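Chemist:
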Amino acid sequence: MDQLNQLPCPVLVTDRMGKILAANIDLLAIVGGSAEQWQQKSMDKLFPLASRIFLQTHVWPMLLRQESVRELYLHLNDSNNQRIPMMMNCQMGQFEGADSYYWVFFVALQRSLFEAELLQARGDAQRMAASLAQSHKELKELHSQLSQRTHMVETANIELTELSQTDPLTGMANRRALAIAITHWQSQVTDGAHASLLLVDVDHFKAVNDQYGHDEGDCVLTALARQLQASMRVSDLAVRYGGEEFALWLPFADHTGAECTAQRVHDHVREVKVAGNSITVSIGVATSSDARSPELLQQLIKHSDEAVYQAKASGRNRTVHFE
Amino acid sequence: MLLLESYLNILNRNNVHVQANNGPVLLYAHGFGCNQTMWNQVTPYFESTHRQVLFDYVGSGKSDLASFDVKRYSSLQGYAQDVLDVCDALGLSNGVTFVGHSVSCSVGLLASIARPELFDRLVLLGPSPCFLNHPPDYLGGFEREDLEGLLSLMDQNYIGWANYLAPVVSGETEAGALTGELSDSFCSTDPTVARVFAQTTFFSDNRADLPLVSRPCLILQHREDALAPLGVGEYMHAHLQGSTLKVLDVVGHCGHMSQPFLVAEAMRNYFNNLSLP
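As given, the protein sequences belong to chains G and L, one line each in that order.
By the count of my numbering, the first sequence reaches residue 323 at its end, each step adding exactly one.
By the count of my numbering, the second sequence reaches residue 600 at its end, each step adding exactly one.
Right under this line is the structure:
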């Protein structure tokens, strides 16, 4: 007992059920009373209720299993019934010849304040993280809605683009597509590159419409469109330019190349028949080497138009090249 | 009926151990703050006579932490379902003697109300149907502030845990976030889970369930127990039909660890005195 009193900290000795066998003077200085008074009492009485539960649910199971516990945080009740924060170690040993438990305490007033602040900060951080996670989730939902919306708009745009560049009757490209194709080509070539435009006008188309009706006229135009497509190179573009007028855009085609294509058009068009008679076309050709000129499209249209006029005037079913 | 795969999952999830394969079944359920190893000093007494089943509740011991579901385990019914799941996984349909400590007594009673045919009897060590005082009719021993105090004590003792004070990560936190390295202290209970278990344990009130229990119970009351005072044991005895109350000469709440032979002897006498059908 004297030895326990020489230790510079509160010490308690209990049996394996927590019955007090000895308490040193440092411990008595905190909890009050005399060693005799506490003897044979349950050590539970030294602790506030919360600490008693912790002792019974956490400390004893550990202690009975592994014979020692280290650095546990508990409260002792002092003689004025105030809670004193304590760090505590406990270890099994011998006391008066029997297995016993030695409990050593350290008052931890400062540490307990510091730890309480730490825990408070941790709680705050956790709440903040939870609200961040919530915001993050909402943002992700919004983002996914936005991407979905964007995708829909993109799809609609593609459809609109196709519609705006397509002739509904023949499914061919239209004037707008022609302008786009030429501008696109111009942006990629050096000045001096050749290109040609064929303007193809159906001969006596008004007569077909008048004689056989507009439905038949539409059939002729559709069939003609197919034949025009068949007479082009892969890089060429055929568009329906007006009522019975088609244009063929031939990038990099010079005078000879354009004439060649024009001849193929005449040949293919013969396949289209109305009441057993082949359809014929008049073709005006314009070739230019002003590849970078902003006036290129207008110039080609103007010149090929004049050439068509001449082809018509000189008897139709022929090609005239603008000179 | 569950599929074989689910059975295997449950045996793994609840870290189920079966000792010996013959004799009547003793199913041991640990209390709050602990795991199945707390029964290690009792099981040797029944080694040759019983088939003994031990398990950890999800969230305790070496159970599968990823299976922890805050909602399910915020009610003692969730823990009772663990008991029933373990029985199903082992193919037990009757003849089980449930042995529970502390909060597990309430869990066992709930399981027996749900499936009375499964259990022959229950052994309740240090039971309390409600830890809070409800004067004047009932004194569980604690006020709400005492139990709040316990939660903050647990927090301060878990400071030493790996990562407990580590920066909290924002973004998505899933159930899997609980699967951390577990230290062996506090019977390997994760602090997050322990807090849920503590709240469920200490704020549950199962007094109204006692009259619904139809199976015979042996109440083992510690003579001096800070958690379950004598009055609580007597209350249980008065409200559980066909119950037997035995006061053990034990100070503390863990007689099965501090005086295991007393617990085993009381169980043995109870089993022997029963006129078994």
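Cβ coordinates follow ideal geometry from the N, Cα and C atoms, glycine included.
From a predicted model like this one, the values you see are computed outputs, not experimental measurements.
Output, in chain order, the set of chain G residues within a Cβ distance shorter than 8 angstroms of VAL430/L.
Modeler: The count along the second sequence starts at 1 and reaches residue 430/L at position 107. Residues of chain G passing the Cβ test: none, with the nearest at roughly 15 angstroms.
Chemist: Any beta-carbon of chain L closer than 7 angstroms to the one on ARG127/G?
Modeler: To locate residue 127/G, count along the first sequence from 1; it is residue 127. It does not; no Cβ of chain L falls within 7 angstroms.
Chemist: Tell me, please, whether the CB atom of THR14/G is closer than 7 angstroms to any CB atom in chain L?
Modeler: On the first sequence, residue 14/G is found 14 positions in, with the first residue counted as 1. No, THR14/G does not count as interfacial toward chain L.
Chemist: Work out the CA separation of LYS206/G and LYS302/G for me, nearest whole Å.
Modeler: Taking the first residue of the first sequence as 1, we reach residue 302/G at position 302. Taking the first residue of the first sequence as 1, we reach residue 206/G at position 206. Spanning the two alpha carbons is a distance of roughly 23 angstroms.
Chemist: What residues in its chain sit with their C-beta under 6 angstroms from that of GLN120/G, if we drop five residues either side in the sequence?
Modeler: Here the question's residue 120/G lines up with position 120 in the first sequence. Contacts found: none.
Chemist: May I have a chain-ordered list of the alpha helix (DSSP H) segments no shorter than 4 residues that lie completely inside the region 146-182 of chain G?
Modeler: The region 146-182 of chain G contains no whole alpha helix (DSSP H) run of 4 or more residues.
Chemist: Residue range of the beta strand (DSSP E) that GLU245/G falls in?
Modeler: Position 245 of the first sequence holds residue 245/G. Counting along the chain, the beta strand (DSSP E) containing GLU245/G begins and ends at 245-251.
Chemist: Hey, ILE283/G and THR319/G are a contact pair by Cβ (cut 8 angstroms); roughly how many whole angstroms apart?
Modeler: Stepping through the first sequence from its first residue, residue 283/G is reached at position 283. Stepping through the first sequence from its first residue, residue 319/G is reached at position 319. Right, their Cβ atoms sit about 4 angstroms apart.
Chemist: Would you mind working out which of THR366/L, ALA343/L, ASN344/L sits nearest HIS353/L, comparing C-alpha positions?
Modeler: Start at 1 with the first residue of the second sequence, and residue 353/L comes out as number 30. Of THR366/L, ALA343/L, ASN344/L, the residue nearest in Cα terms is THR366/L.
Chemist: In the structure shown, what three-state DSSP assignment does GLN582/L receive?
Modeler: Against the second sequence, residue 582/L aligns to sequence position 259. GLN582/L falls in the coil class under three-state DSSP.
Chemist: Residues in the same chain with beta-carbon distance under 7 angstroms from ASP236/G, minus the five sequence neighbours each way, listed in chain order, please.
Modeler: Position 236 of the first sequence, counted from the start, is the residue given in the question as residue 236/G. Only LEU248, TRP249, LEU250 meet the Cβ criterion.
Chemist: Less than 7 angstroms between the beta carbons of ASN529/L and SER429/L, yes or no?
Modeler: For the purposes of this step, residue 529/L is identified with residue 206 of the second sequence, where counting begins at 1. For the purposes of this step, residue 429/L is identified with residue 106 of the second sequence, where counting begins at 1. Yes; because the gap between Cβ atoms is below 7 angstroms, this pair is in contact.
Chemist: Are ILE20/G and GLN39/G close, meaning C-beta to C-beta below 7 angstroms?
Modeler: As a working note, residue 20/G is residue 20 in the first sequence. As a working note, residue 39/G is residue 39 in the first sequence. In this structure, GLN39/G lies closer than 7 angstroms to ILE20/G by Cβ.
Chemist: Taking the alpha carbon of CYS90/G as the reference point, which residue from GLU96/G, TRP103/G, ASP78/G has its own alpha carbon closest?
Modeler: Taking the first sequence and counting its residues from 1, one reaches residue 90/G at position 90. Of GLU96/G, TRP103/G, ASP78/G, the residue nearest in Cα terms is TRP103/G.
Chemist: I'd like to know if the region 407-426 of chain L and the region 324-343 of chain L are in contact, where contact means that at least 3 CB-CB pairs between them fall below 8 angstroms.
Modeler: A contact exists between the region 407-426 of chain L and the region 324-343 of chain L.
Chemist: Just the C-alpha distance for GLN310/G and SER147/G, rounded to the nearest angstrom, thanks.
Modeler: The residue given as residue 310/G occupies position 310 in the first sequence. The residue given as residue 147/G occupies position 147 in the first sequence. So the two alpha carbons sit approximately 56 angstroms from each other.
Chemist: Taking the straight line between their C-alpha atoms, what separation do you get for LEU334/L and VAL409/L?
Modeler: What you label residue 334/L is simply residue 11 of the second sequence in a count that begins at 1. What you label residue 409/L is simply residue 86 of the second sequence in a count that begins at 1. Their Cα atoms are separated by approximately 7 angstroms.
Chemist: If I'm right that MET87/G touches TYR101/G with Cβ under 8 angstroms, what's the distance once you round it to whole angstroms?
Modeler: Counting from 1 along the first sequence, the entry for residue 87/G is found at position 87. Counting from 1 along the first sequence, the entry for residue 101/G is found at position 101. At roughly 16 angstroms, the Cβ-Cβ gap does not stay under 8 angstroms, so MET87/G and TYR101/G are not in contact.
Chemist: Looking only at its own chain, which residues have a Cβ that is under 7 angstroms from the Cβ of ALA521/L, when we skip the five neighbours before and after it?
Modeler: Translated into the one-based positions of the second sequence, residue 521/L becomes position 198. Excluding sequence neighbours, ALA521/L sits near PHE355, LEU473, LEU474, MET477.
Chemist: Can you grab the Cα-Cα spacing for the pair GLU588/L / CYS577/L, in whole Å?
Modeler: Against the second sequence, residue 588/L aligns to sequence position 265. Against the second sequence, residue 577/L aligns to sequence position 254. Computed Cα separation, rounded: 15 angstroms.
Chemist: Measure from the C-beta of ALA549/L to each C-beta in chain G and report whether the shortest distance is under 7 angstroms.
Modeler: Along the second sequence, read from residue 1 onward, the residue named residue 549/L stands at position 226. Yes, ALA549/L counts as interfacial toward chain G.
Chemist: Just how far apart, CA to CA, sit ARG264/G and ASN277/G?
Modeler: Taking the first residue of the first sequence as 1, we reach residue 264/G at position 264. Taking the first residue of the first sequence as 1, we reach residue 277/G at position 277. Whole-angstrom Cα-Cα distance: 19 angstroms.
Chemist: Between which two residues does the alpha helix (DSSP H) carrying CYS260/G extend?
Modeler: Stepping through the first sequence from its first residue, residue 260/G is reached at position 260. It spans 255-269 - the alpha helix (DSSP H) in which CYS260/G sits, taken as one unbroken run.
Chemist: Considering only the beta carbon of each residue, do ALA193/G and ALA291/G sit closer than 7 angstroms?
Modeler: Taking the first sequence and counting its residues from 1, the one referred to as residue 193/G is at position 193. Taking the first sequence and counting its residues from 1, the one referred to as residue 291/G is at position 291. Result yes, Cβ atoms of ALA193/G and ALA291/G sit closer than 7 angstroms.
Chemist: Can you list, in chain order, the residues of the region 141-165 of chain G whose Cβ is nearer than 7 angstroms to any Cβ on chain L?
Modeler: The residues in question: there are none.
Chemist: In three-state terms, what does DSSP make of GLU471/L?
Modeler: The sequence position of residue 471/L within the second sequence is 148, counting from 1. Helix, per DSSP.
Chemist: How would you write the range of the alpha helix (DSSP H) that PRO61/G sits in, first residue to last?
Modeler: Working through the first sequence from its first residue, we reach residue 61/G at position 61. Looking at the DSSP string, the run of the alpha helix (DSSP H) that includes PRO61/G is 60-66.
Chemist: Classify ILE401/G as helix, strand or coil using the three-state DSSP reduction.
Modeler: Absent from the structure is residue 401/G, since the part of chain G shown begins at 1 and ends at 323.
Chemist: Could you spell out the range, first to last residue, of the beta strand (DSSP E) harbouring THR319/G?
Modeler: Against the first sequence, residue 319/G aligns to sequence position 319. 319-321 is the extent of the beta strand (DSSP E) around THR319/G.
Chemist: Drop a sphere of 10 angstroms on the beta-carbon of VAL573/L, count the other beta-carbons inside from all chains shown, and report buried for 16 or more, exposed for fewer.
Modeler: In the second sequence, counting from the first residue as 1, residue 573/L sits at position 250. It is buried - the Cβ of VAL573/L has at least 16 other Cβ atoms within 10 Å.
Chemist: Which class does HIS424/L belong to by DSSP, given the choice of helix, strand or coil?
Modeler: Locating residue 424/L in the second sequence gives position 101, counting from the first residue. Here HIS424/L sits in strand by DSSP.
Chemist: Taking C-beta pairs closer than 7 angstroms, name the residues in chain G that THR360/L reaches, listed in chain order.
Modeler: In the second sequence, residue 360/L corresponds to position 37, counting from 1. Within chain G, the residues near THR360/L are ARG65.
Chemist: Cutting at 6 angstroms between CB atoms, please list the residues of its own chain near GLU245/G, excluding the five before and the five after it.
Modeler: For the purposes of this step, residue 245/G is taken as residue 245 along the first sequence, with counting starting at 1. Same-chain partners within the cutoff: ASP201.
Chemist: Taking Cβ positions only, does ALA50/G come closer than 7 angstroms to chain L?
Modeler: For the purposes of this step, residue 50/G is taken as residue 50 along the first sequence, with counting starting at 1. Yes, because at least one Cβ of chain L sits closer than 7 angstroms to the Cβ of ALA50/G.
Chemist: Would you mind stating whether ARG270/G and THR170/G have Cβ atoms separated by less than 7 angstroms?
Modeler: The residue given as residue 270/G occupies position 270 in the first sequence. The residue given as residue 170/G occupies position 170 in the first sequence. Cβ atoms of ARG270/G and THR170/G: not closer than 7 angstroms.
Chemist: Using the three-state DSSP reduction, which class does GLN188/G fall into: helix, strand or coil?
Modeler: Position 188 of the first sequence holds residue 188/G. Coil, per DSSP.
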